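Q: To start, I am sharing the structure in question, which I have written as C-alpha cells.
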Amino acid sequence: MQKSIPLVLDLSEVSADDVLLVGGKCASLGELFRALRPRGVRAVDGFATTSEAYRLLLETDGLGTRLRELMSGLDHNDLKALNTAGREARALMLDTPLPAEVNDAILEAYRRLCDRTHRSCEVAVRSSATAEDLPDASFAGQQDTILNVRGEDRLIESCHRCFASLWTDRAISYRAERGFDHFDVALAIGVQPMVRSDLACSGVMFTLDTESGFRDAVVINGSWGLGEAIVAGKATPDEWVVFKPTLKMGARPIVSRRLGSKEIKMIYGLDDKGTREVAVVEAQRQRFSLSDYEVLQLAQWACLIEEHYSGRAGRAQPMDIEWAKDGRTGELFILQARPETVHAMRRENYIESYKLTGEHGEPLATGMAVGEKIGQGRVHVLLDPDKLTEFAEGDVLVTSMTDPAWEPIMKRAAAIVTDRGGRTCHSAIISRELGLPCIVGTGNATERLTTGIEATVSCADGAQGNVYEGRIEYAVERRTMEAEARPRTQVMMNVGDPDHAFALASLPNDGVGLARLEFIINNHIGIHPMALVRYPNLKRPEDVKLIASRINEEDPREFFVRCLSEGVGRIAAAFYPKPVIVRMSDFKSNEYARLIGGQEFEPEEENPMLGFRGASRYYDERYQEGFRLECEALARVREEMGLINVKAMIPFCRTVEEAERVVALMGEFGCKQGENELEIYAMCE
Numbered sequence: 050m051q052k053s054i055p056l057v058l059d060l061s062e063v064s065a066d067d068v069l070l071v072g073g074k075c076a077s078l079g080e081l082f083r084a085l086r087p088r089g090v091r092a093v094d095g096f097a098t099t100s101e102a103y104r105l106l107l108e109t110d111g112l113g114t115r116l117r118e119l120m121s122g123l124d125h126n127d128l129k130a131l132n133t134a135g136r137e138a139r140a141l142m143l144d145t146p147l148p149a150e151v152n153d154a155i156l157e158a159y160r161r162l163c164d165r166t167h168r169s170c171e172v173a174v175r176s177s178a179t180a181e182d183l184p185d186a187s188f189a190g191q192q193d194t195i196l197n198v199r200g201e202d203r204l205i206e207s208c209h210r211c212f213a214s215l216w217t218d219r220a221i222s223y224r225a226e227r228g229f230d231h232f233d234v235a236l237a238i239g240v241q242p243m244v245r246s247d248l249a250c251s252g253v254m255f256t257l258d259t260e261s262g263f264r265d266a267v268v269i270n271g272s273w274g275l276g277e278a279i280v281a282g283k284a285t286p287d288e289w290v291v292f293k294p295t296l297k298m299g300a301r302p303i304v305s306r307r308l309g310s311k312e313i314k315m316i317y318g319l320d321d322k323g324t325r326e327v328a329v330v331e332a333q334r335q336r337f338s339l340s341d342y343e344v345l346q347l348a349q350w351a352c353l354i355e356e357h358y359s360g361r362a363g364r365a366q367p368m369d370i371e372w373a374k375d376g377r378t379g380e381l382f383i384l385q386a387r388p389e390t391v392h393a394m395r396r397e398n399y400i401e402s403y404k405l406t407g408e409h410g411e412p413l414a415t416g417m418a419v420g421e422k423i424g425q426g427r428v429h430v431l432l433d434p435d436k437l438t439e440f441a442e443g444d445v446l447v448t449s450m451t452d453p454a455w456e457p458i459m460k461r462a463a464a465i466v467t468d469r470g471g472r473t474c475h476s477a478i479i480s481r482e483l484g485l486p487c488i489v490g491t492g493n494a495t496e497r498l499t500t501g502i503e504a505t506v507s508c509a510d511g512a513q514g515n516v517y518e519g520r521i522e523y524a525v526e527r528r529t530m531e532a533e534a535r536p537r538t539q540v541m542m543n544v545g546d547p548d549h550a551f552a553l554a555s556l557p558n559d560g561v562g563l564a565r566l567e568f569i570i571n572n573h574i575g576i577h578p579m580a581l582v583r584y585p586n587l588k589r590p591e592d593v594k595l596i597a598s599r600i601n602e603e604d605p606r607e608f609f610v611r612c613l614s615e616g617v618g619r620i621a622a623a624f625y626p627k628p629v630i631v632r633m634s635d636f637k638s639n640e641y642a643r644l645i646g647g648q649e650f651e652p653e654e655e656n657p658m659l660g661f662r663g664a665s666r667y668y669d670e671r672y673q674e675g676f677r678l679e680c681e682a683l684a685r686v687r688e689e690m691g692l693i694n695v696k697a698m699i700p701f702c703r704t705v706e707e708a709e710r711v712v713a714l715m716g717e718f719g720c721k722q723g724e725n726e727l728e729i730y731a732m733c734e
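In this note's numbering, the protein residues as written are 50 to 734.
Here it is, written out as C-alpha cells:
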C-alpha cells in the first residue's frame with residue numbers, strides 16, 4: 050500500500066532534498082533548522098505545508114480545470130492579457146475554500162508550534178514554490194510573505210493568500226519565460242514564529258561580493274525594523290564586508306563598512322494587524338544597526354552555511370541569506386538561506402569592461418552602482434507599475450523603488466535608477482539577473498531627472514553610479530582570459546581605490562606592487578590627520594564643524610585609523626595571500642593643505658615636490674602623531690584582520706639615516722620590521 054503524502058511537516062522533519070515536497074524556501078528552512086542548528090547557527094523553528102495540500106486545493110470544485118482553461122493560449126508578453134488572466138486566476142483561488150483536511154492540518158501544526166516555542170504565536174507566513182530557489186532562478190519575491198500573523202483565523206486567511214500568490218502576473222510571466230509548466234509548479238507554505246526585529250534590525254547577506262563575484266567575502270546589509278524594507282528597496286541599508294579566509298583563522302576582518310540612510314523601517318501594525326512603515330529618527334539613522342561583534346557572528350554563520358551547502362552540492366555554492374535580530378532578547382537568527390543565483394551560474398572565461406570615452410558634465414544624480422555596465426536611453430520617471438503601457442522599450446526607468454510588480458517594466462528598460470534601496474534590494478537583484486546597469490539609493494533621482502531627457506547611466510566609475518545628461522560615447526572591451534599570455538616576470542598591479550579591488554583581483558596578477566594611501570585619505574577620510582589629532586582645538590571653527598559632521602560621534606583618531614585600515618584591508622583581502630605593498634602617505638604639503646583642517650598644519654613652499662614630504666615628514670614633530678595613525682592602521686590590517694600579506698613602503702627617503710629613523714619609529718607605533726613577516730621597503734624614484 051502506498052504511503053500517503055503528509056499535508057504538513059515540522060521543519061525538523063524537512064531537508065534540502067524535499068524541494069518537490071515543500072518548495073525551495075521551506076526545504077532550505079528545514080535544512081537550516083535540522084543540520085545547522087547543531088553547529089551553532091541559530092535558526093527558527095516552524096512547519097511547512099506540502100505540495101499535496103496545494104494539489105488538494107486544485108482538486109476542489111474543479112479549480113485546477115478552470116485555471117488550465119484560463120492559462121491555455123495565454124501570451125505572457127501581452128501585458129494586458131496577462132493582467133486580466135492573473136487577476137481572474139487569483140480570484141478563482143481565493144473564492145475556492147481550503148479543503149477541510151488542509152485547514153485542520155495547518156491549525157494542528159500551529160498549535161504544536163505555539164506549545165513548543167512557549168511564546169505568543171505571532172508568525173511569518175512564507176510562500177515556497179516547488180521550483181523556487183533552484184540554482185538558475187531567483188524567484189525573488191514571486192510569491193507572498195505575510196508578517197505578524199496572529200490567531201488561527203488570520204493564519205488560514207494568510208495561507209489562502211499565499212496559495213493565490215502563485216498566480217500573480219509576475220509569477221505567471223516568470224514561469225512562462227523559464228519554461229516551467231504552470232501545473233508542474235506547486236506552492237508550499239512555511240510558518241515560523243516572528244523574530245521581533247521590528248524592535249531591532251534585520252537584513253540580508255551574501256557569501257560573495259554581489260558586484261564583482263569575488264568569492265572570499267561576506268557582504269552584510271542591515272537596517273532597522275523588519276527585513277522586508279531592505280528587500281523591497283524601501284530603506285537604504287548599512288553595509289559591511291567581511292573577509293572569509295582570515296575570519297576562519299580567528300581574525301576580525303571587517304574590511305569595509307558603509308552607513309546607510311535607513312530612511313524608514315517596517316514595524317508591527319496597529320491593532321495587531323500586519324505591518325506598517327514609519328520614519329526612522331535621525332539619531333538612529335546616524336548609527337550602525339549592528340555592532341562589530343554581531344557582524345562577525347553573522348559572517349561566521351554565513352561561512353558555516355556556505356560550507357554545508359557546498360558540501361551537499363559537491364562544488365562551491367555561494368549563498369543568499371536573510372537574518373534578523375530579536376529586540377526582546379538581543380539574539381540573532383537566520384531566517385532563510387538559498388543558493389545565490391547570478392554569479393553562481395556564470396561560466397564566462399572573459400572580462401568585459403565599460404568605459405566612458407566622451408566628454409560629460411557633472412552627474413545629474415548619484416547612488417550605489419549595481420554591476421559595471423553603462424546604459425543609455427530616454428528617461429522615464431514612473432511611480433506606478435500599473436502604467437507600464439506608457440513605458441517604451443529601451444527607456445531608462447527612474448522610480449522611487451521597485452518590487453516584483455515592476456518586473457515586466459524592468460525587462461524593457463535600458464537601465465534602472467531608484468531613489469531608495471541598497472545592493473541587495475529587489476531592484477539590484479533583478480538588474481543583475483537581467484544584466485542591466487542599475488543605480489540604487491540616489492535619494493532624489495525622481496526629482497532631479499525629467500521624463501523625456503536623454504541620459505547615460507554609468508556603473509563603470511567604481512562604487513558610485515552616475516547619471517549624466519545626454520548620450521555619452523563609451524567603449525566596451527572584452528578580453529578572453531585564456532588568450533592572455535603571461536610574461537616570465539612578475540606582473541604586479543597599482544591599486545588606489547579599494548572599491549575596485551575585488552574586480553581587479555580577477556585579472557591575472559602576482560599581487561599589488563603599489564597601493565597608494567592618498568586615494569583612501571582623500572576620498573574616504575578627507576580630513577588632515579593632524580586636524581583629527583588636535584580636534585576640536587583647531588583655529589578655524591568651520592573646520593571643527595566640517596569634521597564633526599564627518600566623524601559623527603566617533604573618536605577622531607579612531608575614525609582615521611578605522612577608515613584607513615578598512616581601505617587597505619579591502620585591497621589586501623582582494624589579492625590575499627599575494628603580497629600587497631602599501632606606500633605610506635606621499636602627499637606634498639600643498640596637497641595635504643587641501644584636506645579639511647590642512648591649512649593649519651602645512652607650510653607654504655616654493656617647491657613642494659622636494660619639500661616637507663616622505664620619510665622626513667614622518668618623524669618631524671609637525672606630523673609624527675599623524676604618522677602614528679597611519680602605522681596604527683597598518684598594524685590593525687595585519688594583526689586584527691590577519692592580512693599579513695601587507696608590506697610597507699616608505700616614499701621619498703633621502704638618506705640611510707632617514708630610513709633608520711622611520712623604521713625605528715614604525716616599530717614604536719606597532720609596525721616592527723620582521724615581526725610577523727613585516728617587510729619595509731624604500732621607494733626608488
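Positions of the beta carbon are idealized from the N, C-alpha and C atoms, including for glycine.
This structure is a prediction, so every number in the text was calculated from the model and none was measured.
Taking K756 as the reference, give the member of S53, I313 and G562 with the closest Cα.
A: As displayed, the chain neither begins before 50 nor continues past 734, which places residue 756 out of reach and without an answer.
Q: When you compare each of F609, E728 and V466 to E679 by their alpha carbons, which one comes out closest?
A: The count along the sequence shown starts at 1 and reaches residue 679 at position 630. Cα-wise, what sits closest to E679 is F609.
Q: Which residues in the same chain have their Cβ closer than 8 Å to the Cβ of E734, if we skip the five residues on either side of it in sequence?
A: Position 685 of the sequence shown holds residue 734. So the qualifying residues of the chain are P700 and F701.
Q: Could you have a look at L384 and say whether DSSP puts it in helix, strand or coil?
A: The sequence position of residue 384 within the sequence shown is 335, counting from 1. The answer is strand: DSSP assigns L384 an E or B state.
Q: Looking at C-alpha atoms only, which residue of A300, K74, R306 and T505 is the closest neighbour of W289?
A: Residue numbering aside, residue 289 sits at position 240 when the sequence shown is read from its first letter. Nearest of A300, K74, R306 and T505 to W289, Cα basis: R306.
Q: Between which two residues does the beta strand (DSSP E) harbouring R606 extend?
A: Here residue 606 refers to the residue found at position 557 of the sequence shown. From DSSP, R606 is part of no beta strand (DSSP E) but of the alpha helix (DSSP H) over P605 to F624.
Q: Taking the continuous beta strand (DSSP E) assigned at L236, which residues delimit it?
A: Position 187 of the sequence shown, counted from the start, is the residue given in the question as residue 236. That run of the beta strand (DSSP E) goes L236 to P242.
Q: What does DSSP give as the partner residues of Y523 in its beta bridges?
A: By one-based count along the sequence shown, residue 523 stands at place 474. L405, per the DSSP bridge assignment.
Q: For L123 versus L437, is the C-beta distance shorter than 7 Å?
A: Within the sequence shown, residue 123 is the residue found at index 74, counting from 1. Within the sequence shown, residue 437 is the residue found at index 388, counting from 1. Not a contact, by the Cβ cut-off of 7 Å.
Q: May I ask which residues mark the beginning and end of the beta strand (DSSP E) holding L563?
A: By 1-based counting over the sequence shown, the position of residue 563 is 514. It spans V561 to R565 - the beta strand (DSSP E) in which L563 sits, taken as one unbroken run.
Q: Buried or exposed for S187, please, with buried defined as at least 16 other CB atoms from any protein chain shown within 10 angstroms of its CB.
A: Taking the first residue of the sequence shown as 1, we reach residue 187 at position 138. Confidence is the limiting factor: at S187 the pLDDT is only 46, short of 50, which leaves the residue's position unreliable, though a coordinate-based value still follows. Buried, by the Cβ-count rule.
Q: So what does DSSP say about K129, is it helix, strand or coil?
A: Within the sequence shown, the letter at position 80 stands for residue 129. If DSSP states are grouped into helix, strand and coil, K129 belongs with the helices.
Q: Taking C-beta to C-beta, are T145 and P242 nearer than 7 Å?
A: The sequence position of residue 145 within the sequence shown is 96, counting from 1. The sequence position of residue 242 within the sequence shown is 193, counting from 1. In this structure, P242 does not lie closer than 7 Å to T145 by Cβ.
Q: Would you mind reading off the limits of the alpha helix (DSSP H) that contains T570?
A: For the purposes of this step, residue 570 is identified with residue 521 of the sequence shown, where counting begins at 1. With the sequence shown as reference, residue 570 is identified as Ile, and Thr is not the correct amino acid for it. From DSSP, I570 is part of no alpha helix (DSSP H); its letter is neither H nor E.
Q: Determine which residues share a DSSP beta bridge with H475 and list them.
A: Position 426 of the sequence shown holds residue 475. None; H475 has no bridge partner.
Q: Cα-Cα, which of L78, S449, L296 and T99 is closest to N152?
A: Here residue 152 corresponds to residue number 103 of the sequence shown, with the count starting at 1. Among L78, S449, L296 and T99, the Cα nearest to that of N152 belongs to T99.
Q: Kindly indicate which residue of S638, Y667 and Y668 has the alpha-carbon position closest to the one of G660.
A: Within the sequence shown, residue 660 is the residue found at index 611, counting from 1. When only C-alpha atoms are compared, the closest one is S638.
Q: Can you grab the Cα-Cα spacing for the pair G73 / H429, in whole Å?
A: As a working note, residue 73 is residue 24 in the sequence shown. As a working note, residue 429 is residue 380 in the sequence shown. If I take the Cα positions, the gap works out to 36 Å.
Q: I believe A76 touches V63 by the beta-carbon criterion, under 8 Å. Please report the beta-carbon distance rounded to the nearest angstrom.
A: The residue given as residue 76 occupies position 27 in the sequence shown. The residue given as residue 63 occupies position 14 in the sequence shown. Going by Cβ atoms, the distance from A76 to V63 rounds to 6 Å, so yes, they are a contact pair.
Q: What residue range does the alpha helix (DSSP H) around R115 cover?
A: In the sequence shown, the residue the question calls residue 115 occupies position 66. Element bounds for R115: L112 to M120.
Q: If you run the structure through DSSP and keep just helix, strand and coil, what is H429?
A: Residue mapping note: residue 429 aligns to position 380 of the sequence shown, counting from 1. Here H429 sits in strand by DSSP.
Q: Within 10 angstroms of its Cβ, does F718 collect 16 or more other Cβ (buried), or is it exposed?
A: Here residue 718 refers to the residue found at position 669 when the sequence shown is read from its first residue. Its Cβ being crowded by 16 or more others within 10 Å, F718 is buried.
Q: Pick helix, strand or coil for T166, following the three-state DSSP scheme.
A: Taking the first residue of the sequence shown as 1, we reach residue 166 at position 117. It is helical.
Q: With L236 and A178 assumed to form a contact (beta carbons below 8 Å), what rounded beta-carbon distance in angstroms separates them?
A: Position 187 of the sequence shown, counted from the start, is the residue given in the question as residue 236. Position 129 of the sequence shown, counted from the start, is the residue given in the question as residue 178. Yes, they are in contact, since the Cβ atoms of L236 and A178 sit about 6 Å apart, within 8 Å.
Q: Is it buried or exposed, P585, if we count other Cβ atoms within 10 angstroms and call 16 or more buried?
A: Along the sequence shown, read from residue 1 onward, the residue named residue 585 stands at position 536. Under this definition P585 is an exposed residue.
Q: With a threshold of 6 Å, establish whether the CB of E408 neighbours any heavy atom of the ligand GTP.
A: Ligands displayed in this structure: none; no statement on the ligand GTP is therefore possible.
Q: Would you say the stretch 572–588 touches the stretch 639–655, given that touching needs at least three Cβ pairs under 8 Å?
A: yes
Q: In angstroms with no decimal places, state the Cα-to-Cα distance between A414 and L141.
A: The residue you call residue 414 lines up with position 365 of the sequence shown. The residue you call residue 141 lines up with position 92 of the sequence shown. When rounded, the distance between both Cα atoms is 45 Å.
Q: Let me know the alpha helix (DSSP H) ranges lying completely inside the stretch 76–114, each 4 residues or longer, listed in chain order.
A: Given a length threshold of 4 residues, each whole run of the alpha helix (DSSP H) inside the stretch 76–114 is given here in chain order: 100–107.
Q: If you drop the 5 nearest sequence neighbours on each side, which residues of the same chain put their C-beta closer than 7 Å to that of R710?
A: On the sequence shown, position 661 is the one that residue 710 refers to. Contacts found: Y668.
Q: Can you say whether V445 is buried or exposed, counting buried as having 16 or more other CB atoms within 10 angstroms of its CB?
A: For the purposes of this step, residue 445 is taken as the residue at position 396 of the sequence shown. By the neighbour-count rule (16 or more Cβ atoms within 10 Å), V445 is buried.
Q: Pop quiz: I521 and G616 are said to be a contact at Cβ under 8 Å. What is the actual Cβ separation, rounded to whole angstroms?
A: For the purposes of this step, residue 521 is identified with residue 472 of the sequence shown, where counting begins at 1. For the purposes of this step, residue 616 is identified with residue 567 of the sequence shown, where counting begins at 1. Going by Cβ atoms, the distance from I521 to G616 rounds to 29 Å, so no, they are not a contact pair.
Q: Grouping DSSP H, G and I as helix and E and B as strand, with all else coil, what is K297?
A: Locating residue 297 in the sequence shown gives position 248, counting from the first residue. DSSP places K297 in coil when its eight states are reduced to three.
Q: Could you check the C-alpha separation between G492 and Y523 for me, to the nearest Å?
A: Start at 1 with the first residue of the sequence shown, and residue 492 comes out as number 443. Start at 1 with the first residue of the sequence shown, and residue 523 comes out as number 474. Spanning the two alpha carbons is a distance of roughly 26 Å.
Q: Under three-state DSSP, which class holds M368?
A: Counting from one through the sequence shown, the residue named residue 368 turns up at place 319. If DSSP states are grouped into helix, strand and coil, M368 belongs with the strands.
Q: Which of the three DSSP states is assigned to A189 in this structure?
A: The residue you call residue 189 lines up with position 140 of the sequence shown. With a pLDDT of 48 at A189, under the threshold of 50, the predicted position of this residue should be treated as unreliable, though the coordinate-derived value follows. Here A189 sits in coil by DSSP.
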